[in-house]
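What follows is a set of notes on a single structure, which appears directly below.
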Amino acid sequence: MTVLVVGAGGRLGSEFMDRLASLDDLTGLTHVQCDITDSLAVERAVLGLQPTVVINCAAQSSIDACEKDRDQAYRINVLGARNVAHAAYKVAAKVVHISTDYVFDGTADHAYVEWDTSNPINWYGRTKLMSEEAVRRANPDSLVLRIAYVYGAHGDNPVTAVVRAAQAGTPLTLPDDQVMSPTSASEIVQQTMLSSSAAPSGPTTLPGRARPPGTTSPAPSRRPSAWTFSLSPCMPPTSPAASRAPCGLRSRTSTCAWSVRT
Ligand SMILES: NC(=O)c1ccc[n+]([C@@H]2O[C@H](COP(=O)([O-])OP(=O)(O)OC[C@H]3O[C@@H](n4cnc5c(N)ncnc54)[C@H](OP(=O)(O)O)[C@@H]3O)[C@@H](O)[C@H]2O)c1
Numbered sequence: 624m625t626v627l628v629v630g631a632g633g634r635l636g637s638e639f640m641d642r643l644a645s646l647d648d649l650t651g652l653t654h655v656q657c658d659i660t661d662s663l664a665v666e667r668a669v670l671g672l673q674p675t676v677v678i679n680c681a682a683q684s685s686i687d688a689c690e691k692d693r694d695q696a697y698r699i700n701v702l703g704a705r706n707v708a709h710a711a712y713k714v715a716a717k718v719v720h721i722s723t724d725y726v727f728d729g730t731a732d733h734a735y736v737e738w739d740t741s742n743p744i745n746w747y748g749r750t751k752l753m754s755e756e757a758v759r760r761a762n763p764d765s766l767v768l769r770i771a772y773v774y775g776a777h778g779d780n781p782v783t784a785v786v787r788a789a790q791a792g793t794p795l796t797l798p799d800d801q802v803m804s805p806t807s808a809s810e811i812v813q814q815t816m817l818s819s820s821a822a823p824s825g826p827t828t829l830p831g832r833a834r835p836p837g838t839t840s841p842a843p844s845r846r847p848s849a850w851t852f853s854l855s856p857c858m859p860p861t862s863p864a865a866s867r868a869p870c871g872l873r874s875r876t877s878t879c880a881w882s883v884r885t
């Protein structure tokens, strides 16, 4: 398997690069090395490397930045994703596209699954939903993963923020009005590789085995996070969600995936 990761310098892209380092044929391209909004650059890179799997971790992932510059968010999240999928199609490679629970509006009283109706309520979620369709159209051999609230070794996330605060004994303010399903970055890598080689067809749901216990909100998740890392949980203040863009309050998911292969 020859794997190309685009957006390799981001939180999830870095996790893919770390976890797949033992592969003989792994290439990671960062934003500087390959801008996915530049279709010719993407095509040049993919045609040159001839990968069998292309994993797209590049995105404008900031909800507030998407709201602030909607055109740019569309260019990266929709047109960029299409460029990557199309280039993969040209070399008969599978494309793995990372999407989000933000395609839902957060009002369901159950954990979201593939066949729930999407209804994004912010521009980030809208671009990611449009990206799913753009990717499927550009490359029938595509795996679309909807993930949520990723925690891993790279970058900031509420789980590691809790661990750091507990280690330092410092207070931490977290939203107490959101419920979500944290997903382990390493599990995303593992399940992506399993799904890529198994080539399933039709909707697939990936189990979230490595999540902290239960579906949770960032505030209560302080306890499981601290327990997992053998720390004594501090109980800092909590507050409503701080994002300026509208956010769904309930985004519990069974981590969802679609795989389509002709
Ligand atoms: N983290 C989460 O909790 C979460 C949850 C659900 C879904 N996701 C999805 O998972 C994927 C990875 O997210 P992440 O958390 O790893 O985000 P991230 O840390 O923000 O990484 C995104 C990467 O994309 C790069 N990038 C931005 N514009 C680009 C462009 N035009 N061309 C090439 N690269 C570009 C960024 O580079 P620069 O920083 O240099 O611009 C960054 O390295 C995204 O599709 C995101 O929507 C993440």
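Heads up, the sequence shown is in the numbering used here, so the first residue is 624 and it goes up one at a time. In this text, a Cβ means the ideal position worked out from N, Cα and C, and glycines have one as well.
(message) Just to confirm the assignment: which complete alpha helix (DSSP H) runs, minimum length 4, are found wholly within the region 752-813?
(response) 781-791
(request) List the whole-angstrom C-beta distance separating residue 707 from residue 674, where the pair is believed to meet the contact cut-off of C-beta under 8 Å. (result) By 1-based counting over the sequence shown, the position of residue 707 is 84. By 1-based counting over the sequence shown, the position of residue 674 is 51. In fact, because the Cβ distance is near 11 Å, the residues do not count as touching under 8 Å.
(message) Taking the straight line between their C-alpha atoms, what separation do you get for residue 712 and residue 669?
(response) Taking the first residue of the sequence shown as 1, we reach residue 712 at position 89. Taking the first residue of the sequence shown as 1, we reach residue 669 at position 46. Going by the C-alpha atoms only, they are around 10 Å apart.
(message) Do residue 629 and residue 659 have their beta-carbon atoms positioned less than 8 Å apart in this structure?
(response) Working through the sequence shown from its first residue, we reach residue 659 at position 36. Working through the sequence shown from its first residue, we reach residue 629 at position 6. Yes, the Cβ-Cβ distance between residue 659 and residue 629 is below 8 Å.
(message) Counting C-beta neighbours from all protein chains within 10 Å, is the total for residue 752 16 or more, i.e. buried, or is it exposed?
(response) Position 129 of the sequence shown, counting from 1, holds the residue named residue 752. Answer is buried; the Cβ neighbour count reaches 16.
(request) Starting from the Cα of residue 715, find the closest Cα among 813, 793, 756 and 764 and give me that residue. (result) Position 92 of the sequence shown, counting from 1, holds the residue named residue 715. Of the candidates 813, 793, 756 and 764, the one whose C-alpha sits nearest the C-alpha of residue 715 is 764.
(request) Have a look at the DSSP bridge pairing and note the partners of residue 720. (result) Within the sequence shown, the letter at position 97 stands for residue 720. Per DSSP, 679 and 767.
(message) Using the three-state DSSP reduction, which class does residue 627 fall into: helix, strand or coil?
(response) The count along the sequence shown starts at 1 and reaches residue 627 at position 4. Residue state, collapsed to three classes: strand.
(message) Quick check: the Cα distance between residue 797 and residue 728, rounded to an integer number of angstroms?
(response) By 1-based counting over the sequence shown, the position of residue 797 is 174. By 1-based counting over the sequence shown, the position of residue 728 is 105. Cα to Cα, residue 797 sits roughly 21 Å from residue 728.
(message) Please state the DSSP three-state secondary structure of residue 635.
(response) The sequence position of residue 635 within the sequence shown is 12, counting from 1. Note: residue 635 maps to helix in three-state DSSP.
(request) On a CA-only basis, which of 680, 769, 649 and 776 is nearest residue 809? Give me that one, please. (result) Indexing the sequence shown from 1 puts residue 809 at position 186. Nearest of 680, 769, 649 and 776 to residue 809, Cα basis: 776.
(request) Could you check which residue in 709, 641, 787 and 772 has the C-alpha nearest to that of residue 663? (result) Taking the first residue of the sequence shown as position 1, residue 663 is located at position 40. Ranking the options by Cα distance to residue 663, first place goes to 709.
(message) By the three-class DSSP mapping on this structure, what secondary structure does residue 642 have?
(response) One-based indexing of the sequence shown puts residue 642 at position 19. It is helical.
(message) So, at 7 Å on beta carbons, what are the nonlocal neighbours of residue 772 in its own chain, with the 5 sequence-adjacent residues on each side left out?
(response) Position 149 of the sequence shown, counted from the start, is the residue given in the question as residue 772. If we look at residue 772 and ignore the five residues flanking it on each side, its Cβ neighbours are 803, 804, 805 and 806.
(message) Suppose the cutoff is 7 Å on Cβ atoms and the five residues either side in sequence are ignored; what does the same chain contact list for residue 665 look like?
(response) Position 42 of the sequence shown, counted from the first residue, corresponds to residue 665. Answer for residue 665: 657, 659, 706, 707 and 710, listed in chain order.
(message) I'd like to know whether the C-beta of residue 679 is nearer than 8 Å to at least one C-beta of chain B.
(response) Among the chains in the structure shown there is no chain B, since it carries only a single protein chain.
(message) Is residue 772 near ligand 1 - that is, is its Cβ less than 7 Å away from at least one heavy atom of it?
(response) Counting from 1 along the sequence shown, the entry for residue 772 is found at position 149. The answer is yes for residue 772.
(message) So, at 7 Å on beta carbons, what are the nonlocal neighbours of residue 832 in its own chain, with the 5 sequence-adjacent residues on each side left out?
(response) As a first step, residue 832 must be located in the sequence shown, where it is residue number 209. Low per-residue confidence applies at residue 832: pLDDT is 38, beneath 50, and the placement is therefore not dependable enough to give any value.
(request) Give the range of the beta strand (DSSP E) segment to which residue 702 is assigned. (result) Here residue 702 is taken as the residue at index 79 of the sequence shown, counted from 1. Neither: residue 702 is in no beta strand (DSSP E) and is coded neither H nor E.
(request) Please classify residue 636: is it buried, with 16 or more other beta-carbons within 10 angstroms of its beta-carbon, or exposed? (result) Counting from 1 along the sequence shown, the entry for residue 636 is found at position 13. Classification for residue 636: buried.
(message) Given this structure, state the Cα-to-Cα distance separating residue 737 from residue 818, to the nearest angstrom.
(response) Taking the sequence shown and counting its residues from 1, one reaches residue 737 at position 114. Taking the sequence shown and counting its residues from 1, one reaches residue 818 at position 195. Looking at the two C-alpha atoms, the distance is approximately 16 Å.
(message) Tell me the residue span of the alpha helix (DSSP H) that contains residue 671.
(response) Position 48 of the sequence shown, counted from the start, is the residue given in the question as residue 671. That run of the alpha helix (DSSP H) goes 662-672.
(request) State buried or exposed for residue 683, treating a residue as buried only when at least 16 other CB atoms are found within 10 Å of its CB. (result) Mapped onto the sequence shown, residue 683 falls at position 60. Residue 683 should be labelled buried.
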